[in-house]
Structure formats: C-alpha cells, structure tokens
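Residue numbers (my numbering): 2 to 325.
Structure representation (structure tokens):
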C-alpha cells in the first residue's frame, strides 16, 4: 500500500521439537543459514533502505541493504538460503540481498505483469508469491530461479491486494486494501474461497498474521487499529490493539518473545504490544533514518546448539539435540 496521505528428554540423542509461537501462520519453515544476521529488519519506504535493529532491545544497528535499484521497498521475506527478498515497488520487481552482509545480489523476480508489488511470501511448495497491487493479482514465481510461473489468484476480492499469507490450513489469505476484507484462496489451486474476515470497522486492511492462539490479526490502516478475527470462522472478535501513537499501521508480526509488533508508517516507528492483552508496551524501533516503515521480519538470536527456523509472520521453531 502506498503511504496514505493522512499523516495520511532424558534419553541420549533425543531431539526435542519446540514451537516458540504455536499456531502461527505457515505450514512450513525455512532453514535460515547460520550467517544470516539476527535482528528486526524493516523496510524504510521513504529512504529506499532495509534497516536492521537489535532483535531484543530494538536499538538501531545499521543500514543493512540498499542500492541495486531498490525503490520504495515494501514487503520482506527470508528465503531458504537465508537471503532477503524485497519488493521494490518503484521498479516492479523483487530484489535479492545477501543475508550475511546485505549486499545486493540481483533482480530475483519480475515480469508476468507485476505492477507495484507489495507483500510477498514463500509458499509451502517453495515458490514465491507476490501481491501485484496494480493488477489486483497474486503472482507466483519459482522459488529457486525467480522465473514467472503464473497468476495464482485473482478476482474482485483482490482490488489493491496487500499482504499474502499461507495459513496452517494450507490456504492463502490476502488483505484487500480497497475491499476491506481478508480474502481466502485455495492454497493449491488459487481458487477463490470468498471473503474470510471483514467488519468490526476494518478499513484498508494491510498487515495480517495468525497469533499464538490461532486467531487472525489484521491492521486497519485508516482506523489506526489492529483487529482480531476468529482464526477458524473469520468472525470479528475485538479491537485488539490501538494507541501508543499508532498511525497508519501497515505490516504486523509476532516476534520471538511472543509480542505483537506493528509498523506505524506515519510516526516512523515500530510499536510493540502485549500478545495476551493487546496493551501498548512501547516504541520498539525507530531512528537510523527510518522513514515510513512497511515490511517487517525477525531473525532471532540463535540459541546455542540450535538450528533456527523462521517463516514470515512469526512461526519460529527449533530442534535442539540433547545428550543424557
């Protein structure tokens, strides 16, 4: 979405599986290479940069990525190889940056009519799915080569599509910025399953994410709120979070500590809310030249002897090898 005009176990060799944020987002997770730098990565839409902040304190660390033609960055996704993939809205393509040092690698995907790309996510099959705002479609690209596969989803629900997200049911959920609904599509065929969530004052939905209890959280851009919907039925539950200066909320993500983080575009901040109560905790990240934050992704600090796995939207898992 363009920035609004409002300012607009005991046995030896046993493996333990642990879900840090159960019942979140995706059916799969990507293995993040050990060299990927931990932190909160934020698209700075106004400065054409990806900024990195400390994953625990939110302190500004560095301008991690820029250049390569990056123009009005929006969504960010982490690939299987640990690299960052960023939608460059001004150039109508997806750029790839090295997950270790942030260096520009190349244009990963484009074509197929991609126009004003917004959100992006890697699907269960490994392919990359991108919201094409200008054409009202979700486009699919080969997750390894970046070659265009085809139009995965389209229809009236996708006027001004924002963030695509695969749920634990394997289906694709997409926020419709101009339709005030979160639409649902078959995760295998892309066939429309209709409007999943709406109401409760939802206006210009943008960021979406499944929380620890399985409910769907949606940022309502024009009402400066995060709304909660039942994760199974899509029925409106409540206004989960607001306040703390939240102004023009776009993407949201559940962090490694379980809290909810929301990009507040018009205050140039990332705000933190309690995932149980929705209460405002504080400004988590700002500064470093952050201007109109949009996309968010966490790379948590790896635990010793753990292989960290991450998927966009906050599903964080680890396998820990323990000896007796």
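The beta carbon of each residue, even a glycine, is placed where N, CA and C say it ideally should be.
The model shown is predicted, which means the values in this text are computed figures rather than measured ones.
Leaving aside the five residues that flank residue 231 on each side, the residues in its chain whose CB is nearer than 7 angstroms to its CB run, in chain order, 216, 238. Look at the beta carbons and you see the segment 108–119 touching the segment 138–158: at least three pairs across the two are nearer than 8 angstroms. Spanning the alpha carbons of residue 50 and residue 272 requires a straight line of approximately 19 angstroms. Residue 299 is positioned such that its CB atom lies closer than 8 angstroms to that of residue 56. Its chain contains 144 as the residues whose beta carbon lies nearer than 6 angstroms to that of residue 127, once the 5 sequence neighbours on both sides are disregarded; these appear in chain order. Per DSSP, the unbroken beta strand (DSSP E) holding residue 252 starts and ends at 250–255. Rounded to the nearest whole angstrom, the C-alpha separation of residue 282 and residue 250 is 16 angstroms. Rounded to whole angstroms, the gap between the alpha carbons of residue 179 and residue 203 is 11 angstroms. In the three-state reduction of the DSSP assignment, residue 236 falls in the coil class, being assigned neither a helical nor a strand state. One thing to note: residue 206 has its Cβ within 8 angstroms of the Cβ of residue 163. With distances taken between CA atoms, residue 241 lies nearest to 278 out of 278, 210, 260. Sixteen is the threshold: when 16 or more other Cβ atoms of the shown chains lie within 10 Å of the Cβ of residue 245, as they do, the residue is buried. With 16 or more neighbouring CB atoms inside 10 Å of its own CB, residue 84 falls in the buried class.
By the neighbour-count definition (other C-beta atoms within 10 Å, threshold 16), residue 43 is a buried residue. Around the beta-carbon of residue 122, 16 or more other beta-carbon atoms lie within 10 Å, marking it buried. Here residue 93 really is in contact with residue 116; their C-beta atoms are around 6 angstroms apart, less than 8 angstroms. In the three-state reduction of the DSSP assignment, residue 57 falls in the coil class, being assigned neither a helical nor a strand state. Of the candidates 252, 140, 228, 234, the residue whose Cα lies closest to the Cα of residue 243 is 228. Annotation for residue 99: no beta strand (DSSP E) segment contains it, and DSSP assigns it neither H nor E. Secondary structure of residue 267 (DSSP, three-state): helix. Within the segment 136–171, the complete beta strand (DSSP E) segments at least 3 residues long are 138–142, 149–155, 162–167, listed from N- to C-terminus.
Per DSSP, residue 192 has no beta-bridge partner at all. Boundaries of the beta strand (DSSP E) around residue 110: 105–111.
Bounds of the beta strand (DSSP E) holding residue 40 are 40–45. The alpha-carbon separation between residue 276 and residue 263 amounts to approximately 12 angstroms.
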